[in-house]
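Our numbering numbers the first residue of the sequence shown as 558 and each following residue consecutively. Even glycine gets a Cβ: it sits at the ideal position worked out from N, Cα and C.
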Amino acid sequence: MLTDIEIAQQAKLLPIAQVASELDIHEEELEPYGRYKAKLNDSLYNRLASKKDGKLILVTAINPTPAGEGKTTTTAGLGEAMKKIGKKAVIALREPSLGPVFGIKGGAAGGGYAQVVPMEDINLHFTGDFHAITSANNLLCAMLDNHMQQGNVLGIDPRRILIKRCLDMNDRALRNIVIGLGGKMSGVPREDSFCITVATEVMAIFCLASDLLDLKERLGKILIAYTYEGAPVYARDLKAEGAMAALLKDAIYPNLVQTLEGTPVIMHGGPFANIAHGCNSVRATRLALKLADYCITEAGFGSDLGAEKFLDIKCRLAGLKPNAIVIVATARALKYNGGVPKDKTALENLDALKKGIANLGAHISNMKKYGVPVVVAINRFNNDFEAELSYIENYCRENGADFALSEVFAKGGAGGVDLARKVCEAAEKPSNFQPIYSADSTIKQKIECIAKEIYGADGVDYTSQAEKALRDIEALGGDILPVCIAKTQYSLSDNPALLGRPAGFRITIRDLRLSNGAGFVVAYAGDILTMPGLPKVPSAEKIDVDAQGRISGLF
């Protein structure tokens, strides 16, 4: 079989204007970025504002292997399959970060014959949204350090600065740095650190803002530091929000692209689900709901991360109500959860699968707690074993979950027809969606609810640093906000080594931070890092470009 990039490069793409016209998008509502990419401006949403929404389908997964479980592939294939059965669907996805592209996981535009294209553009610079977000974040950091250099009228305490510079790349050397060295004219020396762009509050705000003015207001609310007297300092105190919003004025328009089979895709925003809320922009989801009978969207990593945050944060803040949830599972990941090393998961091992399948059971049970119908998509690899696939199917039956075998990687939309029918049937059932915790619960009550109900923990412990941060957040009124727990994606617990469906454990919250502009509180569990590092052999080593600009090695 051809590689992902070879399949993408041989595809015949529709001009983006044709994709738009099939959705009844007018010419003046489209801002083209070349022949195959475009942005959708505000006039489109304003025209569609009163139109009835379609059905909202969320695609999530079990706890993954380091290579992922094919959520984006399944999402793209499901959208293509909807067209095969005569349904009108629009896919709403996140944009890929350069960190995983050049790291270990590769691109995030799907795979095989269920890809979003132009694949190279999407996985690299796309329309420049992430560069704009990086620039806006770093402008705020530059203005803060300049304020301290120019007299520090606000009395900012350099030991209590919260905002971090960012880069959309895995670079562990930037986790802890010292800036301002070189003498009086080079700034105020202090410790600093970088996070990856997708972990910034600017990214979270970008994905939750309803329009440009809401974006600007939220940017002004970012808590950036404290004064020597302990008073909070916000971005608006530096008069930074206007310039930051100006940098984002074009980026805030959602991007329109397509799958290999011409299914429309609105791709916008890209927070990671292990260190942020892991969903594409509210604006993109709302547009997709207006443009089609079905909006198929995806949340990062397993349902304990992306789906929980989609349901408890994004849906709560944006007033969205999902009609069905798809849980992607693979035999390989279940064997990995059963203790098989990642390089041995392609070998037949029914005993390990039987041990690891409890992980699937946890995700089915967790998603049902939200009152939304659930369908399991068994993402089939070419060399999967029939006995293992049959065991997964029987397990789904025994646990009261509908299911379908998905072969979209190898067959495109044709390989997802059964899944599409099952999803449509599920979406017609009553959905009694409710977030897992009450909005008026305390921060600790919200964290404990997630830990016990979703992770299966016995309880929660807090470090002294976390307790102090909690008191500071409560003093600023942050206790009314939803909670975004940053933790490992590999386990239901905060320990990546506890695979399957662990029991008898507690999670540890080592720190908390108020994302005041985004509208949630981030709780850091375990040893989760906001600036990843590259592996020993990064994917970047395999990526190349020839004299004609043709890229190879990207997957």
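| Asked | Found |
| --- | --- |
| Taking 8 Å as the limit between beta carbons, can you name the residues of its chain near PHE659, skipping five residues before and five after? | MET726, ASN727, LEU1091, PRO1095, SER1096, ALA1097 and ILE1100 |
| At what residues does the beta strand (DSSP E) containing ILE1007 begin and finish? | Element bounds for ILE1007: not the beta strand (DSSP E) but the alpha helix (DSSP H), 1000-1007. |
| Who does PHE1077 pair with in a DSSP beta bridge? | SER1072 |
| Closer than 7 Å, CB to CB, is CYS872 near chain B or not? | No chain B is part of this structure, which consists of one protein chain only. |
| Under 6 Å Cβ to Cβ from ASN694, same chain only, skipping five residues before and after it: list those, please. | CYS723, THR757 and VAL759 |
| How many Å lie between ASN1073 and SER1021 at the Cα? | 22 Å |
| Among ASP1015, ILE720 and ASN936, which residue has its Cα nearest to the Cα of LYS1087? | First, the residue type needs correcting, since residue 1087 is Thr and not Lys in the sequence shown. Of the candidates ASP1015, ILE720 and ASN936, the one whose C-alpha sits nearest the C-alpha of THR1087 is ILE720. |
| Determine the burial state of LYS1044: buried for a count of at least 16 other Cβ atoms within 10 Å of its Cβ, exposed for fewer. | buried |
| Can you name the start and end residues of the beta strand (DSSP E) that LEU650 belongs to? | 646-650 |
| Can you tell me where the beta strand (DSSP E) holding LEU813 begins and where it ends? | 812-816 |
| Can you name, in chain order, every residue of its own chain whose Cβ lies under 8 Å from the Cβ of LEU1027, other than the five neighbours on each side? | ILE1000, LYS1001, TYR1019 and LEU1069 |
| List the residues that DSSP assigns as beta-bridge partners of ARG747. | ILE736 |
| Do LYS608 and LYS847 come within 7 Å of each other at the CB atom, strictly closer than that value? | yes |
| Just checking my contact of LEU597 with LEU917 at CB under 8 Å: how many whole Å lie between their CB atoms? | Going by Cβ atoms, the distance from LEU597 to LEU917 rounds to 37 Å, so no, they are not a contact pair. |
| From which residue to which residue does the beta strand (DSSP E) around LYS596 run? | 595-597 |
| Assuming GLU982 is part of the alpha helix (DSSP H), what are its boundary residues? | 974-985 |
| Using DSSP bridges, identify the partner residues of LYS612. | TYR851 |
| Can you tell me where the beta strand (DSSP E) with GLY1016 in it begins and where it stops? | 1016-1019 |
| For ALA689, verify whether its CB is less than 6 Å away from any heavy atom of the ligand HEM. | Absence of the ligand HEM from the depicted structure is noted, as is the absence of any ligand whatsoever, leaving it without description. |
| Grouping DSSP H, G and I as helix and E and B as strand, with all else coil, what is PRO589? | strand |
| Report the rounded CA-to-CA distance for PHE1112 versus LEU681, giving the unit in angstroms. | 11 Å |
| Buried or exposed for ASN951, going by 16 or more other Cβ atoms inside 10 Å? | exposed |
| For GLY957 and VAL931, what's the separation of their Cα atoms in angstroms? | 9 Å |
| Compare the C-alpha of THR631 against each of GLU579, LEU605 and GLY669 and name the closest. | GLY669 |
| Considering only their Cβ atoms, is the gap separating ALA944 from LEU907 smaller than 7 Å? | yes |
| What number of angstroms, rounded off, separates the C-alpha of SER1050 from the C-alpha of ALA666? | 28 Å |
| Where do the N-terminal and C-terminal ends of the beta strand (DSSP E) with VAL883 fall, by residue? | 881-886 |
| Would you mind working out which of LEU776, ILE679, MET742 and VAL673 sits nearest MET705, comparing C-alpha positions? | MET742 |
| Can you name the start and end residues of the alpha helix (DSSP H) that PRO657 belongs to? | 655-659 |
| Going by alpha carbons, who is nearest to ALA1008 out of ASN923, ASP610 and LYS662? | ASN923 |
| Is it buried or exposed, PRO898, if we count other Cβ atoms within 10 angstroms and call 16 or more buried? | exposed |
| Does the stretch 851-859 come close enough to the stretch 675-692 to have 3 or more Cβ pairs within less than 8 Å? | no |
| Assuming contact is defined by CB atoms lying nearer than 7 Å, are GLY611 and GLY973 in contact in what I supplied? | no |
| For ASP1015, does the count of other Cβ atoms within 10 angstroms reach 16, so buried, or fall short, so exposed? | exposed |
| For the candidate residues MET801, GLN567 and ALA1104, whose alpha-carbon lies nearest to that of GLU818? | GLN567 |
| How would you label ALA606, buried or exposed, when you count the other beta carbons within 10 angstroms and need 16 or more for buried? | exposed |
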